[in-house]
Structures are given as structure tokens and as C-alpha cells.
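Scroll down for the structure; my scribbles are underneath it.
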Amino acid sequence: MSRLLQYGCALLAFGVCWLIQRRLSRRRYDLDKLPFVRFEENDTPERYVADSKSLLHSGYVQYLKNGVPFRMRNPVDPDHPQVILPFKYLNEVKMAPESVMSFQRFSRQAFLLDYINAPKPTAMAPHIVRGDLNKHLGTLTGQMGVLARQSMDEGMPKCNDWTPFQPYFLFAHTVARVTSMALASPELSANEEWRNIMVTSTITLMQTAQEVRRKYPRHWRWVVPWVEPGAKRIYEIRKRCAELLAPSYQNRLARMASNEKPLVDGIQWLMSTVPDGKKGLLEIADEQLFLSMASIHSSSASTLSFVYDLMDRPELMDEILQEIRSVRGAKNGSSEWTKRDLDQLVKLDSFMKESQRYYPVGLVTVQRSNPRPYTFSDGLTIPANTQCCFLNHELNHDPEVYEDPETFDAYRFLRLRETGDPHKHHFAYVSEDSINFGAGTYSCPGRHFAGNEIKLILCELLLGYEMKWPEGGSRPPTMYRDFSSNPDPGVDILFRERKC
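The numbering of the sequence shown is the working numbering, which starts it at 1490 and goes up by one.
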């Protein structure tokens, strides 16, 4: 009897395994039956890194416009399958919780964060940005403007006459200074070593991830934290961040112990998320590093892109400068910017949104990875660890979405605000037609802060300096690498201090 029971259990186990295997096979088939877009010639990994944009466009026209997802080689993370989704799935993906469709999981996979000693994304950083930072934007704006002006004064060359200068890293250090004031502490914002780490750590992380993919087969990556120089360097960066952060941390612990009024900065907000502020120093340092990775270079690249577009349109630059001067002139002698001042810069805001539409920093957005197999409402099933995304660049240039999309129309969004809802179509606004900042609950939580930060940098730059291209110059070609798109930072701009 016992042997019969054993046979029965074995048969049952076999049946369960067979059913699971059959279901998994069906799920793989759901992925396999999707069209696979590839290059007809020279279909090499190197070409996907250099020319994914043309392939994405082909897939958009041929498949996404007809509501059909497609697959392609994953140039960012070859270890995981990739599906490009049509916009009929956007609402479903944007509303899915992190446990179902995860940006954090995507980040860990795409950038090998689990192997290179990197800080890991958590829910805590987006939480304090979405809640505390956005709530205090009005309070912080004045000091943000002071720091932007100070950074311009310190970082720009002396230019009594036309002087060539490449401003990208000035923008990056300005963003690091302003962001650190709000999301770390004023003390760290003033610390040059801290700012340098915030600017360079993202570059170190990206380079290390690329090296690991090149040098280590997947089954050997477990050794990376101990043997790869870049991974060791990232660990040392994390330790040094914790050391630099320690005085601010101890200061806030002491203030909390004596029931003093909480300070308005990111370290305080992170400490306040747990009882008695007992959040570890290394944890807070890691949150700071991940915030810098998510913000500094994207905001700096956007700022540079906006400057290039202004320089291609001198008349527009003059109009926006007049708007800035008009808002400043109505302040009755006050030198500090306010959030209300920035809200009045409607021409600048519309221009920034149009520039972002025309030249988005990135070809894809709403990137997710699913921890378990997922079935969409129409029955499409994708296996676990499939990386999904949507094509914001193609949406931005679709004539069915935007009228005359290949024309740069600086006041396109201002007209939409004037003829419709004035609370929509501003720079940080997201909708199904505007997904450069993502979509839904998990859209970029710091987009309002980033927009104000960039406006302040542009205002101080335009008020202090004239700008023009060298003879015959114009906006350089955009730099594309896999799914990223960035303005070329290695181009000279001519600057001259304004005399009036």
C-alpha cells in the first residue's frame, strides 16, 4: 500500500511538473510569436548600440502603430528579453504596482547593480521626493536661485569679450550643488568633494557595468564585487559618502533628541521615515547616491540641450530674456527667486517642453521588468524578467499626436494652456501624449524640482551672459547610444558678459 502511495505521489508530481512546463512553454510561445525586429544587414551587437534609433522607428511604424508589440535584441541588457509595447498597454503598465511591473527591478538588471557593489533603488527616495520635496518647493526656491547664481559666478570663465567654453560640466556641478542643498543638506551642498562624487559616480557605475558585461560570463558575475576594480571603487565611493555625510547625520540626530524643529532637507526627511531617526548612515548615503544617479546627468543634459536650441533661435532667446527681465523687474528690488516667479515664466516653460519633445533625453521610457509571468488584459503573456518599455521619441514625432511635429514650435504648449486647461501642458505635466517623464504613479517624482532647477540655471545664464555659436555653428548632431540620446557636450559656445 505504501509503495502504491509512493507511485501515486510520484505520478502526481510528474503531472504537476508537466502542467507547469506546458504552461511555461505556452508563455514562451506568447513571447516567441511576437515579431522580432532586426537589421537586414550587419545585424551585430555593435550596430544595436550605435543605431537602435532607426530600428525603433521601423518597429513603431510597422507594428506599434497597428497595436502590435515587437521584440528586438536588448542593447542595454542582453541577458533579458525585451518587448516594446504599443500605447494601448500604457494604462495597464503605468497602474501596475511595483510588485507586478517594477522599475527598480529593471534598474537592477539593466545596470547590474546586484554585482558591482552599487547602491540599490528603494521606495524610500521616491517617497521623500514625491512627498517632502514637492511640498517644500516654495520654501526651497530662493536658496536654489542663490546657489545657481553662485555656481555660475564661480564656474564661468572671465569673458569680457567672446570666449569659447563648453558648459556641460558647469551645469552638472550646478545641478549637484542645488540638488544636494535640497535632497542632502546645505553643508554637503557646499562641500566640493561631495559634489564631485555626485557628478562622477554615475559615470563610474555605467562604465563598470559595461566592463562587467564585456569581461564576465553571467555565471561568473558573482565574483565581480571582490575582483573587479570598478566594483571595488564603487564600494569605496559609498564608504566615502557615508563619511562625508556623518556630521550632517549626527547634527540631525542631536536635534531630534532635543526636540528641535526638523530641518528642511533630504537627510532629515530620510531619517524621519523611521522611528527615532535610526536609519543607518550607509543606507542614507546609498539613497543619496541613487538620487544623484537618477537626476544629475539627465538634468544637465536637458539644460545643455535647451541652451543649444536657444542659440539656434536668437530671436526666441531675446523674447525669453525679456520675459525673465519682466518678471525680475516686478519684484520691487527683491533679489531672490520665488516659485511664483518661475510659474510666471510661461514662454520659457513652453520652450523647454517643446525642446524636450523634439530632443528627448532618451528614446524609451516607462521601463519595467516583471518579477513573475504576467498576462495583459488582452491575453498576451510575457515570462518573468521581460523588460518592457514605450517609445517616447516616436510618440513625440507622430503627426497623429502633434500637429506638424517636425517643426520646432517654441510656444506650442503655451497655446494649449491658453486655449485649454492652464494647469496642463506645462513642463512637468505628464499625460498619455507626453511621457518623457514616465507615466502614472511611477512617473518621475522629481520632475517639478528638476524643471524649476533648470529654469533657474537658464535664467542666471541668460541674465549674466550673451551666447552665440562660433562662425557657421549650429546645434551639433545628437549622440545616440543604445536607447540613450544626449546633446554633444564637447562643443564650444561663445560667451560674453552682459553689459546691460
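Just so it is clear, CB atoms sit at the ideal spot from N, CA and C, and this is done for glycine as well.
Just so you know, these numbers come straight off a predicted model, no measurement behind them.
Query                                                                                                                                                                           : Result
Trp1985 lies in the beta strand (DSSP E); which residues open and close that run?                                                                                               : Correcting the residue identity first, residue 1985 is Arg in this sequence and not Trp. Unbroken beta strand (DSSP E) run through Arg1985: 1982-1986.
What first and last residue would you give for the beta strand (DSSP E) that runs through Gln1856?                                                                              : 1854-1858
My understanding is that Gln1699 touches Gln1876, with C-beta atoms under 8 Å, so please give their C-beta distance in whole angstroms.                                         : Contact doesn't hold; Cβ gap of about 17 Å is too wide.
For the beta strand (DSSP E) containing Asn1571, name the first residue and the last one.                                                                                       : Reading the sequence as shown, one finds Gln at residue 1571 and not Asn. That run of the beta strand (DSSP E) goes 1571-1573.
Excluding five sequence neighbours on each side, which residues of the same chain lie with their C-beta closer than 6 Å to the C-beta of Pro1978?                               : Tyr1657
How big is the Cα-Cα spacing for Asp1981 and Ala1743?                                                                                                                           : 48 Å
Flag this pair as yes or no: are the beta carbons of Thr1691 and Ile1785 separated by less than 8 Å?                                                                            : yes
Which whole-angstrom value describes the C-beta separation of Ala1873 and Arg1861, a residue pair presumed to lie in contact below a C-beta threshold of 8 Å?                   : 5 Å
Can you tell me the Cα-Cα spacing of Asp1621 and Trp1758, whole angstroms?                                                                                                      : 7 Å
Mapping DSSP to helix, strand and coil, what is Gln1721?                                                                                                                        : In the sequence on display, residue 1721 carries Lys and not Gln. Reduced to three states, the DSSP call for Lys1721 is helix.
Can you name the residues that DSSP bridges to Gln1876?                                                                                                                         : Gln1571, Ser1858
Under three-state DSSP, which class holds Leu1527?                                                                                                                              : At residue 1527 the sequence reads Arg, which differs from the Leu that was named. In this structure, Arg1527 counts as coil in the three-state DSSP scheme.
Does at least one heavy atom of the ligand MG sit under 7 Å from the Cβ of Glu1749?                                                                                             : Summarising the ligand content, the structure contains no ligands, and the ligand MG is consequently not present.
Count the other CB atoms within 10 Å of the CB of Phe1525; is the residue buried (16 or more) or exposed (fewer)?                                                               : exposed
Judging by CA-CA distance, which residue of Gly1961, Met1561, Ala1612, Val1582 is the nearest neighbour of Val1572?                                                             : Met1561
For Gln1488, count neighbouring C-beta atoms within 10 Å of its own C-beta (all shown protein chains included) and say buried if the count is 16 or more, exposed if not.       : The chain is shown only over 1490 to 1989; residue 1488 falls outside these bounds and no answer can be derived.
Tell me whether Ser1824 sits in a helix, a strand or coil according to DSSP, three-state version.                                                                               : coil
Is DSSP giving Ser1674 helix, strand or coil here?                                                                                                                              : coil
Count the other C-beta atoms from every protein chain shown that fall within 10 angstroms of the C-beta of Thr1792, then say buried if there are 16 or more, exposed otherwise. : buried
Which residues does DSSP list as the beta-bridge partners of His1974?                                                                                                           : As written in the sequence, residue 1974 is Ser, which differs from the His given in the question. Partner(s): Tyr1969.
For Asp1922, which of Glu1529, Tyr1549, Ala1607, His1886 has the nearest alpha-carbon?                                                                                          : His1886
Where does Thr1630 sit, in a helix, a strand or coil, going by DSSP?                                                                                                            : helix
Once you ignore the five residues that flank Ser1789 on each side, which residues in its own chain have a CB closer than 7 Å to its CB?                                         : Tyr1657, Phe1660, Ala1661, Val1664
Apart from the five residues just before and just after Glu1535, which ones in its own chain have a Cβ nearer than 6 Å to its Cβ?                                               : none
I need the straight-line Cα distance from Leu1733 to Pro1615, nearest angstrom please.                                                                                          : 23 Å
Does the region 1671-1686 come close enough to the region 1708-1715 that 3 or more CB-CB pairs lie under 8 Å?                                                                   : no
Could you check whether Leu1770 and Ala1731 sit closer than 8 Å to each other, using their CB atoms as the reference points?                                                    : yes
Have a look at Gly1929, Pro1959, Asp1867 and flag the residue whose alpha-carbon is nearest the alpha-carbon of Asn1580.                                                        : Gly1929
If Pro1610 sits next to Ser1596, beta carbons under 8 Å apart, how far is it from one beta carbon to the other, in whole angstroms?                                             : 5 Å
On the premise that Pro1575 lies in contact with Leu1553, defined as a C-beta separation below 8 Å, what is that separation, rounded to the nearest angstrom?                   : 4 Å
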